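In this note's numbering, the protein residues as written are 21 to 692.
The following block contains the structure:
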């Protein structure tokens with residue numbers, strides 16, 4: 021195995037493999053109408069396919085106060101509609117019994133104990149992701165309790181899916197794989213011992229499931245049950261009860277159906293008793309919505325709304341699902357730096373413009389949209405497919421395409437149009453805030469209407485300066501080294517942007533270190549060791565340092581001074597840089613001072629050419645592992661370790677230096 025292969029192998033072990041992608045299927049199942057466009061009326065083509073967004077807040081969209089929309093009159097008071105979700109004895113239920121009783125086909129699967137008594141739970145998933153389950157007697161005594169985490173729910177869903185897949189291969193009808201056990205949200209197998217209060221015969225009780233998140237709380241309680249039967253024949257029997265339906269909204273008795281707006285800066289409060297004995301309640305703040313875009317669609321009377329953060333409970337798709345290969349997820353090598361927002365899109369009927377959203381800790385809130393003007397998707401500008409999502413400078417020029425009969429203007433920086441092609445424009449993007457996402461706007465005038473569109477670009481710092489202290493073990497002797505390092509990345513070459521040649525491809529770095537104690541040269545003679553290095557770097561993919569993963573080709577210069585020996589040399593190298601892989605990042609985050617974004621890189625340099633004819637090189641090389649913890653957007657700590665070999669001979673002086681060093685380093689730095 022040669023050195024580059026070792027380099028790649030060690031990089032995989034310590035940094036994680038490059039991020040592959042594989043679609044997450046759960047969020048893209050619903051089909052959302054596309055934005056309206058035609059072959060004659062669209063700015064999108066193969067070259068220009070990066071859409072700008074129409075800001076709803078800049079398009080006359082008004083968001084009234086969030087509302088609690090409910091109806092407890094359905095099915096003679098046995099069903100509650102909260103938002104678009106139904107709560108009743110069917111959607112919130114419990115089944116106790118052996119696995120063989122719940123599903124005979126599953127009980128016959130290998131490794132499944134069909135005689136084991138389990139408790140199967142079903143609840144509306146949109147209302148609760150997990151929580152604390154209690155078994156409460158009529159007198160209010162907690163007979164039994166357990167906590168169900170979202171991870172446990174996900175684990176059961178995966179196990180349930182595996183059983184379904186196995187039974188499908190055995191020819192079990194699909195209709196049997198959508199009901200019963202396969203329609204539950206959780207299966208509890210480790211039930212209390214037989215002598216505990218859980219198994220009291222004839223003790224009337226109900227289950228209550230409580231979810232608490234921050235200052236919000238929601239709670240579902242079942243009808244009354246009693247346990248009957250023995251051993252594998254045990255079961256839950258409902259106890260009939262006559263309950264008068266009632267509703268309390270914002271701590272006041274309310275009609276059994278209605279819509280109530282939540283006052284500003286107040287929690288939404290709701291409580292409902294159903295005729296079957298079930299109840300549902302929540303106290304939580306309405307969500308803060310981050311809407312990104314709104315426009316018409318190919319279907320008349322239907323809008324397309326998109327945003328990020330809190331996702332609607334209505335039908336929607338995820339626009340940027342994680343696309344990691346199975347082995348990347350298995351090893352936990354997902355990236356941990358970058359734009360982590362998840363964007364969604366949902367259809368909204370124009371005649372009844374509303375969406376339902378979960379509250380901050382539970383509940384359901386209705387958000388209406390009051391529309392004065394709907395942006396035309398045909399007028400949406402599209403940017404070049406190679407448009408960067410990041411920059412090092414203020415005023416980077418973006419290339420875009422518009423309709424020939426539309427006009428684009430900016431109140432911020434200049435826009436130039438192409439005299440030979442009225443569809444092209446060049447936009448000087450305002451990015452005045454380094455270390456964060458910058459949003460810049462265009463005004464699009466089309467058919468007498470003006471729409472505000474925007475694009476977002478992250479601006480990074482182009483320069484780094486750091487001071488480091490390293491501990492070396494050189495030829496069996498410990499020593500300490502002081503080091504200063506500088507790093508710079510170029511946006512382009514003096515304003516010339518060419519994707520493959522200049523755009524965010526090139527960087528330079530320089531380092532100088534000197535030993536704090538002298539090393540023996542021979543006999544009683546001692547000397548200082550000082551090294552100056554300079555690197556020219558080329559990224560194989562454009563992007564930002566400490567943000568976008570890349571491989572980097574390096575041309576290195578090193579000047580070694582050790583007593584009377586001086587050895588200037590050049591070499592070539594390869595560097596791999598990326599955010600800390602998720603699995604490793606999670607471990608470091610257990611330390612409070614490390615619970616920040618982290619960037620890691622590994623580089624290997626082999627020096628192949630002496631710049632002094634009297635110096636002959638002898639396998640001089642460097643293998644460095646280095647990381648930064650980004651405490652602030654412009655302040656970081658760093659650490660690293662590695663191996664360096666200084667091997668050369670001065671033919672004229674008949675002196676030779678061979679120094680094998682293993683080192684560890686720590687430091688602090690600033691970005692500017």
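Ideal placement from N, C-alpha and C gives every residue a C-beta, glycine not left out. Note that the structure is a prediction, hence the values are computed from the model and not measured.
When rounded, the separation of the alpha-carbon atoms in residue 86 and residue 119 is 44 angstroms. Within the same chain, Cβ atoms closer than 6 angstroms to the Cβ of residue 299 are found at 241, 293, the five residues on either side in sequence being excluded. For the options 94, 619, 682, the alpha carbon positioned closest to that of residue 566 is the one of 619. Residue 586 carries a strand assignment under DSSP once its states are collapsed to helix, strand and coil. Inter-residue distance for residue 628 and residue 575 is about 11 angstroms (C-alpha atoms, whole angstroms). The residues 577, 629, in chain order, have a CB closer than 6 angstroms to that of residue 590 in the same chain once the five nearest residues on each side in sequence are set aside. Under DSSP, no beta-bridge partner is assigned to residue 434.
Of all alpha-carbon atoms in 148, 247, 573, the one lying nearest the alpha-carbon of residue 237 is that of 148.
Here the alpha carbon of residue 551 sits roughly 5 angstroms from the alpha carbon of residue 580.
Each of 547, 220, 263, 185 was checked against the Cα of residue 161, and the nearest Cα belongs to 220. The Cβ neighbour count for residue 515, taken over all protein chains shown within 10 Å, is under 16; the residue is labelled exposed. A Cβ-Cβ separation of about 7 angstroms places residue 128 in contact with residue 134 under the 8 angstroms criterion. Here the C-alpha atom of residue 92 lies approximately 12 angstroms from the C-alpha atom of residue 296. Under the three-state reduction of DSSP, residue 298 is assigned to coil, being neither helix nor strand. Under the Cβ criterion (8 angstroms, minimum of three pairs), the segment 441–457 counts as touching the segment 418–427. The C-beta distance from residue 657 to residue 688 rounds to 5 angstroms, short enough to meet the 8 angstroms contact threshold. Boundaries cannot be given for residue 96, as no alpha helix (DSSP H) includes it and DSSP labels it neither H nor E. Scanning its chain for C-beta atoms nearer than 6 angstroms, with the 5 sequence neighbours on each side dropped, one finds around residue 474 the residues 73, 75, 459, 461, in chain order.
When DSSP assignments are scanned along the segment 237–320, the uninterrupted stretches of beta strand (DSSP E) that are 3 or more residues long and fall wholly within it turn out to be 245–248, 255–258, 266–269, 272–274, 277–281, 288–293, 299–304, 310–316.
In the structure shown, the three-state DSSP call for residue 154 is strand. Here the alpha carbon of residue 525 sits roughly 20 angstroms from the alpha carbon of residue 448. Excluding the 5 residues flanking it on each side, residue 184 has same chain C-beta neighbours closer than 8 angstroms at 197, 202, in chain order. A distance below 6 angstroms between beta-carbons, with the five flanking residues on each side excluded, links residue 587 to the following residues of its chain, in chain order: 580, 635, 668. Note that the C-beta distance between residue 429 and residue 392 is not below 8 angstroms. With fewer than 16 neighbouring CB atoms inside 10 Å of its own CB, residue 671 falls in the exposed class. Taking a cut-off of 8 angstroms for Cβ pairs, the segment 352–370 and the segment 333–343 touch, as three or more such pairs fall below it. Residue 666 is bridged by DSSP to 679. Between residue 681 and residue 664, the C-beta gap is smaller than 8 angstroms, which places the two residues in contact. By the neighbour-count criterion, in which 16 or more other beta carbons inside 10 Å mark a residue as buried, residue 165 falls on the exposed side. The continuous stretches of beta strand (DSSP E) do not include residue 171, which lies in the alpha helix (DSSP H) extending over residues 170–189. By the beta-carbon neighbour count (other beta carbons within 10 angstroms, threshold 16), residue 528 is exposed.
Taking C-beta atoms under 8 angstroms as the contact rule, residue 153 and residue 218 fail to qualify, at a distance of about 12 angstroms. Taking a contact as a CB-CB distance under 8 angstroms, the pair residue 549 and residue 556 does not count as one, their CB atoms being some 24 angstroms apart. Residue 167 counts as exposed, since fewer than 16 other beta carbons sit within 10 angstroms of its beta carbon.
Residue 336 carries a coil assignment under DSSP once its states are collapsed to helix, strand and coil. Note on geometry: alpha-carbon atoms of residue 287 and residue 109 lie some 28 angstroms from one another.
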